[in-house]
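**Q**
6 protein chains.
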Amino acid sequence: MILPLFFIFCLFSSSHAAVQDFCVGDLAAPQGPAGYSCKDPSKVTVNDFVFSGLGIPGNTSNLIKAAVTPAFAAQFPGVNGLGISFARLDLAPGGVVPFHTHPGGSEILIVVQGTICAGFVSSANTVYLKSLKKGDIMVFPQGLLHFQINAGGSVAIAFVSFSSPTPGLQILDYALFGNNLPTELVAATTFLDTAQIKKLKGVLGGTG
Amino acid sequence: MILPLFFIFCLFSSSHAAVQDFCVGDLAAPQGPAGYSCKDPSKVTVNDFVFSGLGIPGNTSNLIKAAVTPAFAAQFPGVNGLGISFARLDLAPGGVVPFHTHPGGSEILIVVQGTICAGFVSSANTVYLKSLKKGDIMVFPQGLLHFQINAGGSVAIAFVSFSSPTPGLQILDYALFGNNLPTELVAATTFLDTAQIKKLKGVLGGTG
Amino acid sequence: MILPLFFIFCLFSSSHAAVQDFCVGDLAAPQGPAGYSCKDPSKVTVNDFVFSGLGIPGNTSNLIKAAVTPAFAAQFPGVNGLGISFARLDLAPGGVVPFHTHPGGSEILIVVQGTICAGFVSSANTVYLKSLKKGDIMVFPQGLLHFQINAGGSVAIAFVSFSSPTPGLQILDYALFGNNLPTELVAATTFLDTAQIKKLKGVLGGTG
Amino acid sequence: MILPLFFIFCLFSSSHAAVQDFCVGDLAAPQGPAGYSCKDPSKVTVNDFVFSGLGIPGNTSNLIKAAVTPAFAAQFPGVNGLGISFARLDLAPGGVVPFHTHPGGSEILIVVQGTICAGFVSSANTVYLKSLKKGDIMVFPQGLLHFQINAGGSVAIAFVSFSSPTPGLQILDYALFGNNLPTELVAATTFLDTAQIKKLKGVLGGTG
Amino acid sequence: MILPLFFIFCLFSSSHAAVQDFCVGDLAAPQGPAGYSCKDPSKVTVNDFVFSGLGIPGNTSNLIKAAVTPAFAAQFPGVNGLGISFARLDLAPGGVVPFHTHPGGSEILIVVQGTICAGFVSSANTVYLKSLKKGDIMVFPQGLLHFQINAGGSVAIAFVSFSSPTPGLQILDYALFGNNLPTELVAATTFLDTAQIKKLKGVLGGTG
Amino acid sequence: MILPLFFIFCLFSSSHAAVQDFCVGDLAAPQGPAGYSCKDPSKVTVNDFVFSGLGIPGNTSNLIKAAVTPAFAAQFPGVNGLGISFARLDLAPGGVVPFHTHPGGSEILIVVQGTICAGFVSSANTVYLKSLKKGDIMVFPQGLLHFQINAGGSVAIAFVSFSSPTPGLQILDYALFGNNLPTELVAATTFLDTAQIKKLKGVLGGTG
């Protein structure tokens, strides 16, 4: 007589608590340095691993004629703890994603429509600049200042992936001009002229 | 009189040896557990950070009617050490990427054309299965068996990103039937019938 | 007069909250990507660091004539956060641990009784196969398909250690045939014959 | 007409839950292997990132004529998850920080007053010994036994930094003589004479 | 007769090749993603672990009236692989370390003389600003824009430590104005006026 | 006509340079912080993953009546980069592995013969002490002082595994008494009596 095979495996399959294949983020539970707490595995479904927001163009009717739609852990809890996340980038003609950094991760961008001029600057202040066509990918090392700009006459679309579920996004203009950092402190720490700072604070809603 | 600002910074900018912003892989130099040795930073150009191979459809004139074009560290040394890599997936009608794992990283897939049925199986043997439309993304946790299959009547294209520059790719059929692992060992360790094993060894070029 | 030495050290010894030497898992508290929450250090005893289940042979009266007894974080919370775990492997004559992977860790196996034929397959589809005698150890790199099979006429026993408290265990046959993954999907993604799939689904309790 | 720039960025700035720039420790919430749970980001202020306890000399009126004032995660929750912490070291004339280890991190020490003789011993039992003057820094690799001793006639002060928010501190004398480890066990595992052990247990409050 | 104890330990102590307690950087050998190759342990002396450059004030006779003296892995190879590094900061009256980031590590600063106003900006654009007195420490999370400015009438001195042997240093003004990034690209990606950009390019030696 | 399947996979299987499944250590090539350089994958055989030294009892004819036989990366290069290693422990009656630490990893011990009394001390100076029988396992958190002692009248044997290929081993007695650390420095930093130190220096070959 042959006994069923699963006798020996039941230790593993009987308890969801032991599964650490994934840790879908429970946004309502405590968060730690490694990410969100895990959703109860017995309540996880395939929809936790799928995100459908990136099929829709972002709204580029704004000053920079650009939109970034993130699928980071906060929007897409399925990536929590998995070392990866994603986003969509729309650039209308003339559109630009201004200088920014991702403090928590490196980025790969792929152009899927149009032409994008992308660049980053290293710690040694060297500029790495390239015009990217459809199908080209470019990698931006973690934490370095970089930008993307529509280099063609039509809409450009790109997808970007990050080496962290929470790469962060620090946009230079917002960090400098979009908060209450006093104008004189911005001037002292950037050497920009006061008039220039006040002008951009006006545009970006900064005070001080 | 005002002295030039760069007096204080020259310590940083004068020596490329100090730059650890990135480590473009030197495929000819020794490799270690963390990746390839770094190319001399003074010889790095923007082209080291750009890969153009993903704009071209892979050749799907094969049994599985599918093609995977990788941009891992071996093909795209710019990602070395940066915790991320990329690939393109082409699926002709009826095409399939058979069950496989990436031992070294998690994966996010985005459908950019067509419809793809994708699935993975957890350690608890639960199946997570979804039909993905254009713009949908799905995450596959590190090391788990998963597959992608064209679920529509036309060509499907996807881009995939990994949480490692060297995620690896172990295709189940090749691991079992595409090498010299003796048939009786495959049978003993998979419970497949000998005839089935020999049939697939024939297709995949396996011996033993 | 000499003051007691502990005056200067009381900052360290007075509060258990500051101790991060270990993090015994509290299986009832929230779990995160790095593991279980820590049990209150003041309630931790030496028994949290000791596990006695591995002195007893596993029950090998089953189809595969084998048993795996894990001491992962779910069974042995003392290893939580410590990057290591353990298990016992019993193989009756003719016993086999079928092809499987540990998505989350590398493994070292030591034979303590009998002879075991063990093997793994790399991403390059190369087979690494060895007959192991008592006292031999073999390492299986993270995430790669591997198996163990009793290569002698008597009971074989091994201990295995993992580079993670939660290495996971994905058994190929169970992933393919032990759940509700539809037969036609298994066929399409493995190239196995339908009859073969249905036969094994029957043995392993799979549906669809 | 110009639309406000923040249209595209509101996804990022509207929800504090998405911020993973930092994870100020909430000492009252569950703790995991990666550190404390994060304080609600909306309640974080600059004071969470500032610690003022290191401007005050520690009390060196004790046997070792030394004091260590830590700013680890338990005292300075702002460093939780950030891979770094700090401490102050005061050494009166004749003062010594006896042999100890930090199981969880490497250390850099800078002398800001006086002269300090510091040393560590490697796994190969090699001694690395140096007399450090004001402005000198020395690095002590993770987990190795090391000490600091006032090498001058006046007060010496140093600051130390660690590569972990919770480096731990295991002081040899306390581990051996400051608890209930039986004298005979200490003797058997250190080869020290029983009289020596009892003498130091007496000084350090040990029993057994 | 008693045999010498070291019989059992000779396996460990006889070969320096086995020692991984530290990995003093060999700046002339290949570098990888994890850092410099290790200097032959048999040639390592205590001086590899000591750096004496931080006792000397940096030269603040420059535009920003400030100086940063680093002891990163490139200057202090003893920290290679140890997850930590150090630097000295001198601020003459009116001195400022302008906005910058460390892409590779978090920072703790301690004021040892004078008063320093320090601040950083989070991804959510919140400003964390504090006036630091002697003995105060402040932590700056990895990758975020931050600055330090002399807030008193006399010289201020600080020591800073990083959670990486190669934290990197990207100074905003140099990244934007100190290289050959074309003025129109700077304008498009920062919204700064062309005149402002040209003015600062003039000061900082930028072209284009 | 059906084309062979391997057309699409040849990118992966054709070049061994791309394989990062493992990194068998090349002990003659440069070493970095993450471990040894990788042996050319085309020259790797199964014997690189197998170590046979642990079937043989260590020589316990010494003062401590104990022997440790390591299979760390230096002895067993197959574990390089895989986060795990192994060792064998022999304890003759009365045998002891004196107080020691592994600076680089946590340890799990399994008793396979006899009875062993094992213990470790936490940073809070708490003692965790247990008598272990055959089949019991105990975990020792990274970097903490611990010991093992034969608690029975016959030979005891254990296997130990570590969470690092290079855990290191710092034996307290050797660090204190087995080198040229001056007696007065040992006295000052341990509070041991000079006579005690000189006695043990005599036994262990120390000078100074």
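Protein chains in written order, with my numbering: chain A, 1 to 208; chain B, 1001 to 1208; chain C, 2001 to 2208; chain D, 3001 to 3208; chain E, 4001 to 4208; chain F, 5001 to 5208.
Backbone N, C-alpha and C fix where the C-beta goes; we use that ideal spot for every residue, glycine too.
When burial is assigned at 16 or more other CB atoms within 10 Å of the CB, is Asp40 of chain A buried or exposed?
**A** Exposed, since its Cβ has fewer than 16 Cβ neighbours within 10 Å.
**Q** Have a look at B:Val1127, B:Ala1087 and B:Asn1125 and flag the residue whose alpha-carbon is nearest the alpha-carbon of Ile108 of chain A.
**A** Among B:Val1127, B:Ala1087 and B:Asn1125, the Cα nearest to that of Ile108 of chain A is on B:Ala1087.
**Q** With H, G and I counted as helix, E and B as strand and the rest as coil, what does DSSP make of Gly5105 of chain F?
**A** If DSSP states are grouped into helix, strand and coil, Gly5105 of chain F belongs with coil.
**Q** Are the CB atoms of Ile64 of chain A and Pro98 of chain A within a distance shorter than 9 Å?
**A** Closer than 9 Å, so yes.
**Q** Answer yes or no: do Pro4167 of chain E and Gln142 of chain A have a C-beta to C-beta separation smaller than 9 Å?
**A** Contact: no.
**Q** Is Pro1103 of chain B close to chain F, meaning its C-beta is less than 9 Å from at least one C-beta of that chain?
**A** Yes - at least one Cβ of chain F is within 9 Å of the one on Pro1103 of chain B.
**Q** Do the segment 1034-1053 of chain B and the segment 1067-1084 of chain B make contact, defined as three or more Cβ pairs closer than 8 Å?
**A** With a cut-off of 8 Å, the segment 1067-1084 of chain B and the segment 1034-1053 of chain B count as touching, because enough Cβ pairs lie within range.
**Q** Would you please verify whether the beta carbon of Pro2141 of chain C is less than 9 Å from any beta carbon of chain B?
**A** Yes, Pro2141 of chain C counts as interfacial toward chain B.
**Q** Nearest by alpha-carbon distance to Gly2028 of chain C: which of C:Val2068, C:Ala2073 and C:Gly2058 is it?
**A** Residue identity check: residue 2028 of chain C is Ala in the sequence provided, not Gly. The residue with the shortest Cα to Cα distance from Ala2028 of chain C is C:Ala2073.
**Q** Flag Ser2163 of chain C as yes when its Cβ comes closer than 8 Å to any non-hydrogen atom of the ligand ADP, and as no otherwise.
**A** By its list of ligands, the structure shown contains no ligand whatsoever, and the ligand ADP lies outside what it can speak to.
**Q** Pro4070 of chain E by DSSP, collapsed to three states: which one?
**A** Strand, per DSSP.
**Q** Who are the neighbours of Gln1196 of chain B on chain C, taking C-beta pairs under 7 Å?
**A** Residues of chain C passing the Cβ test: Leu2192, Asp2193 and Gln2196.
**Q** Is Lys4133 of chain E helix, strand or coil by DSSP?
**A** The answer is coil: DSSP assigns Lys4133 of chain E none of H, G, I, E or B.
**Q** If you drop the 5 nearest sequence neighbours on each side, which residues of the same chain put their C-beta closer than 6 Å to that of Val1139 of chain B?
**A** Ile1108, listed in sequence order.
**Q** For Thr190 of chain A, tell me which candidate among E:Thr4189, E:Leu4200 and E:Ala4188 has the shortest Cα-Cα distance.
**A** Out of E:Thr4189, E:Leu4200 and E:Ala4188, E:Leu4200 has the C-alpha closest to the C-alpha of Thr190 of chain A.
**Q** Counting only Cβ-Cβ distances shorter than 9 Å, please list the residues of the segment 71-96 of chain A near chain B, keeping chain order.
**A** Cβ contacts with chain B come from Ala71, Phe76, Gly78, Val79, Gly81, Leu82, Gly83, Ile84, Ser85, Phe86 and Arg88.
**Q** Based on Cα-Cα distance, which residue from D:His3100, D:Ala3067, D:Ser3106 and D:Ala3124 lies nearest to Pro3093 of chain D?
**A** Among D:His3100, D:Ala3067, D:Ser3106 and D:Ala3124, the Cα nearest to that of Pro3093 of chain D belongs to D:Ala3067.
**Q** Can you name the residues of chain C whose CB is closer than 7 Å to the CB of Pro3033 of chain D?
**A** Near Pro3033 of chain D (Cβ distances below 7 Å), the residues of chain C are Cys2023, Ala2034, Gly2035, Asn2080 and Gly2081.
**Q** Going by the beta-carbon positions, is the gap between Ser2164 of chain C and Phe5022 of chain F smaller than 9 Å?
**A** The answer is no: Cβ separation not under 9 Å.
**Q** With distances taken between CB atoms, is the gap from Thr2060 of chain C to Gly2114 of chain C smaller than 9 Å?
**A** No; because the gap between Cβ atoms is not below 9 Å, this pair is not in contact.
**Q** If you draw a straight line from the C-alpha of Gln3031 of chain D to the C-alpha of Ile4110 of chain E, how long is it?
**A** Taking the straight line joining both Cα atoms gives about 28 Å.
**Q** Exposed or buried, which one is Gly2153 of chain C when buried takes at least 16 other CB atoms within 10 Å?
**A** Exposed.
**Q** From the DSSP output, which residues share a beta bridge with Leu4089 of chain E?
**A** The partner list for Leu4089 of chain E (beta bridge, DSSP) reads E:Val4068 and E:Ala4158.
**Q** Since Ala2029 of chain C meets chain D, which of its residues come closer than 8 Å, beta carbon to beta carbon?
**A** Near Ala2029 of chain C (Cβ distances below 8 Å), the residues of chain D are Pro3030.
**Q** Based on the DSSP secondary-structure assignment, which residues constitute the bridge partners of Tyr1968 of chain C?
**A** Because chain C in this structure spans residues 2001 to 2208, residue 1968 of chain C falls outside the shown range and cannot be described.
**Q** Quick one: is Val2112 of chain C near chain B, going by C-beta distance under 9 Å?
**A** Val2112 of chain C does not count as touching chain B.
**Q** Applying the 10 Å Cβ sphere with the 16-neighbour rule, what's the burial state of Asn3047 of chain D?
**A** Exposed, because fewer than 16 other Cβ atoms sit within 10 Å of the Cβ of Asn3047 of chain D.
**Q** Would Gly119 of chain A and Leu4185 of chain E qualify as a contact pair, given that the criterion is a beta-carbon distance under 9 Å?
**A** Yes.
**Q** Count the other CB atoms within 10 Å of the CB of Gly202 of chain A; is the residue buried (16 or more) or exposed (fewer)?
**A** Flag for Gly202 of chain A reads exposed.
**Q** If you reduce the DSSP assignment to three classes, tell me which class Gly4032 of chain E lands in.
**A** Three-state DSSP puts Gly4032 of chain E in a strand.
**Q** Does DSSP put Val5024 of chain F in a helix, a strand or coil?
**A** In the structure shown, Val5024 of chain F sits in coil (DSSP, three-state: anything other than H, G, I, E or B).
**Q** Among residues of its own chain, excluding the 5 on either side of Ala4995 of chain F, which ones have a beta-carbon nearer than 7 Å to its beta-carbon?
**A** Limits of chain F in this structure are 5001 at one end and 5208 at the other, which puts residue 4995 of chain F out of reach.
**Q** Answer yes or no: does any C-beta atom of chain A fall closer than 9 Å to that of Phe1147 of chain B?
**A** Chain A contact via Cβ: absent.
**Q** In whole angstroms, what separates the C-alpha of Ile3197 of chain D from that of Thr3183 of chain D?
**A** One C-alpha to the other measures close to 7 Å.
**Q** Thr4060 of chain E touches chain A at which residues, Cβ-Cβ below 8 Å?
**A** The premise fails here: Thr4060 of chain E is roughly 15 Å from chain A at the closest Cβ pair, so nothing lies under 8 Å.
**Q** Would you check if the distance between the CB atom of Val112 of chain A and the CB atom of Val1112 of chain B is smaller than 9 Å?
**A** Contact: yes.
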